[in-house]
Amino acid sequence: MLSALLVLLGFFAGLLGALTGIGGGVMLTPILALHFGIPIRQAIGTSLVAVITTSAASSSVHLQRHTTDIRLGMTLELATAFGAAVTAYLVGYFNRNLLEGLFAGFLLYSSVMILLRRGKVKDQEEPVLDGNGETVIPPYEPQRYPLGLAASLVAGGLSGLLGIGGGPIKVPVMFIFMNVPLMVATATSNFMIGVTAAASAIVYYRRGDILVEIAAPLAVGVFVGSLLGARLAPRIRTKYVVYLLVAIMLYLAGHLFVHLLTGGRA
Amino acid sequence: MSQIREPAFDRVVALVLRVGAFGCFFIMLAGLLVGFFVPGRIPQNIERAGVLLMLATPAVRVLVAGVLFLREKDWKFGAISFGVLAILLLSAIFGIGEH
Numbered sequence: 461m462l463s464a465l466l467v468l469l470g471f472f473a474g475l476l477g478a479l480t481g482i483g484g485g486v487m488l489t490p491i492l493a494l495h496f497g498i499p500i501r502q503a504i505g506t507s508l509v510a511v512i513t514t515s516a517a518s519s520s521v522h523l524q525r526h527t528t529d530i531r532l533g534m535t536l537e538l539a540t541a542f543g544a545a546v547t548a549y550l551v552g553y554f555n556r557n558l559l560e561g562l563f564a565g566f567l568l569y570s571s572v573m574i575l576l577r578r579g580k581v582k583d584q585e586e587p588v589l590d591g592n593g594e595t596v597i598p599p600y601e602p603q604r605y606p607l608g609l610a611a612s613l614v615a616g617g618l619s620g621l622l623g624i625g626g627g628p629i630k631v632p633v634m635f636i637f638m639n640v641p642l643m644v645a646t647a648t649s650n651f652m653i654g655v656t657a658a659a660s661a662i663v664y665y666r667r668g669d670i671l672v673e674i675a676a677p678l679a680v681g682v683f684v685g686s687l688l689g690a691r692l693a694p695r696i697r698t699k700y701v702v703y704l705l706v707a708i709m710l711y712l713a714g715h716l717f718v719h720l721l722t723g724g725r726a
Numbered sequence: 002m003s004q005i006r007e008p009a010f011d012r013v014v015a016l017v018l019r020v021g022a023f024g025c026f027f028i029m030l031a032g033l034l035v036g037f038f039v040p041g042r043i044p045q046n047i048e049r050a051g052v053l054l055m056l057a058t059p060a061v062r063v064l065v066a067g068v069l070f071l072r073e074k075d076w077k078f079g080a081i082s083f084g085v086l087a088i089l090l091l092s093a094i095f096g097i098g099e100h
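So the sequence lines, in the order shown, correspond to chains F and G. Start counting the first sequence at 461; every next residue gets the next number (the numbering used here). Start counting the second sequence at 2; every next residue gets the next number (the numbering used here).
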């Protein structure tokens, strides 16, 4: 029964994630912690499995459209994987309250940022197609690698700490500072998430912080949900879905704060 | 330099990710279905295999890309790929922390 519920939860997280471009892992961790009574550190580790699944499935699609810069991604992964492994290791020494507080703060911050941008999450460029229906990408040369690597280190660190992808840091840095077209920056960020999440997930797994019997049904649901979401996305006005997700995130942030203040009784 | 050019390269890396994702999905699904009929360790071990394959998929993707770079005699990005792989392996070795 619990498995069926987790499949359903993963399905909705995957669906909302694919429709909005906001990683579903942001929702899964606090829901596991608050409603399934799983300690937050294990909730983070467990939802990392779902994050890797989503990244693998979605970046295989981006790769087939040839919008991923594998060289750039691999270079920045040196920093994201390192940052993620280090913070994943440090999390072993954090107490529960600190992690819950950080997560609640992160949810609040992300919600406010999305509301300030009036629900616009992705500044999606319309892909330009050539005569054969292939995506045309203007020539570019990535610049300011030191800055890109530094930002990737921070994104990776956040990923290992909270089990999130770090797209909101990497995409703007690649697009604005490294001179990479937005479409390529988005695809490349997505591509990097799998390796980044794996670097920290391995550490969580070794510590016993990935609950296999929770991670499997969750990942199964997320996989189906994100495939369906990716198909529906072009046909749905995703703005309202974004507001729904923000409402859920704000509720979860509030609930986490209450949970903290009451010492875990609410 | 790092513009996107080699379609075959992209296809191979995409294939690795797709095989990993679909493979894990079906293994985990099998674990869940078995779990409805047979309680205990067997379904859990199937699910564990799925989770471990998912954790290994990104590492395999890095390895495959590294080998492809070396075959193109692109030493710089071959070295970068194996650097990323080294970080993943080190996190597996030292990733113990507090139990």
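C-beta: ideal position from N, C-alpha, C; glycine also.
Beta carbon of residue i nearer than 9 angstroms to that of residue j
i, j, result
"F/G543", "F/V682", "no"
"F/A659", "F/G616", "yes"
"F/I653", "F/S612", "no"
"F/L523", "G/D11", "yes"
"F/G552", "F/R667", "yes"
"F/A516", "F/G485", "no"
"G/V17", "F/V655", "no"
"F/Y664", "F/L559", "no"
"F/G505", "F/G625", "no"
"F/L466", "F/I670", "no"
"F/G689", "F/L532", "no"
"F/I622", "F/T489", "The question names Ile, but residue 622 of chain F in the sequence shown is Leu. Taking 9 angstroms as the Cβ cut-off, F/L622 and F/T489 qualify as a contacting pair."
"F/F635", "F/Q603", "no"
"F/A645", "F/A539", "no"
"F/H526", "G/P8", "yes"
"F/L567", "F/L476", "no"
"F/T514", "G/C25", "no"
"G/V61", "G/G79", "no"
"F/A545", "G/S82", "no"
"F/S519", "G/A66", "no"
"F/Y600", "F/V640", "yes"
"F/A676", "G/M29", "yes"
Buried or exposed (CB count within 10 angstroms, at least 16 for buried), residue i
i, result
"F/L462", "exposed"
"F/R697", "exposed"
"F/A464", "exposed"
"G/F95", "exposed"
"F/L721", "exposed"
"F/F651", "buried"
"G/G41", "exposed"
"F/E537", "buried"
"G/I43", "exposed"
"F/P598", "exposed"
"F/F471", "buried"
"G/K77", "exposed"
"F/K699", "exposed"
"F/G723", "exposed"
"F/P628", "buried"
"F/A657", "buried"
"F/K630", "buried"
"F/L716", "buried"
"F/V680", "buried"
"F/R691", "exposed"
"F/V701", "buried"
"F/R501", "buried"
"F/V718", "exposed"
"G/F27", "exposed"
"G/F38", "exposed"
"F/V596", "exposed"
Same chain only: Cβ atoms within 8 angstroms of residue i, ignoring 5 sequence neighbours per side
i, result
"G/G98", "A caution first: G/G98 carries a pLDDT of 49, below 50, which makes its placement in the model unreliable, though a value can still be read off. So the list is empty, once near-sequence residues are dropped."
"F/I498", "L492, T506, L671, I674"
"F/S570", "I482, V486, P628, M709"
"F/L575", "V706"
"G/L89", "P59, A60, V63"
"F/M534", "none"
Contact set for residue i: own chain, Cβ-Cβ below 7 angstroms, skip 5 residues either direction
i, result
"F/I708", "M487"
"G/L64", "L86"
"G/F32", "Reading the sequence as shown, one finds Gly at residue 32 of chain G and not Phe. Contacts found: P44, I47, E48, G51."
Cβ-based neighbour list, residue i, same chain, cut-off 6 angstroms, excluding 5 preceding and 5 following
i, result
"F/T547", "G617, G620, L621"
"F/A713", "A564, L567, L568"
"F/T528", "H522, A647, T648, F651"
Minimum length 4: unbroken alpha helix (DSSP H) runs contained in the region 18 to 56 of chain G: List check, alpha helix (DSSP H) in window: nothing returned.
What are the complete beta strand (DSSP E) segments, minimum 3 residues, inside the region 691 to 720 of chain F? none
Only counting runs of 4 or more residues, tell me where the alpha helix (DSSP H) segments fall wholly within the region 638 to 669 of chain F, in order along the chain. 642 to 666
As an exercise, report each continuous alpha helix (DSSP H) stretch of at least 4 residues that is fully enclosed by the region 525 to 579 of chain F, in chain order. Complete alpha helix (DSSP H) runs here, min 4: 530 to 551, 556 to 576.
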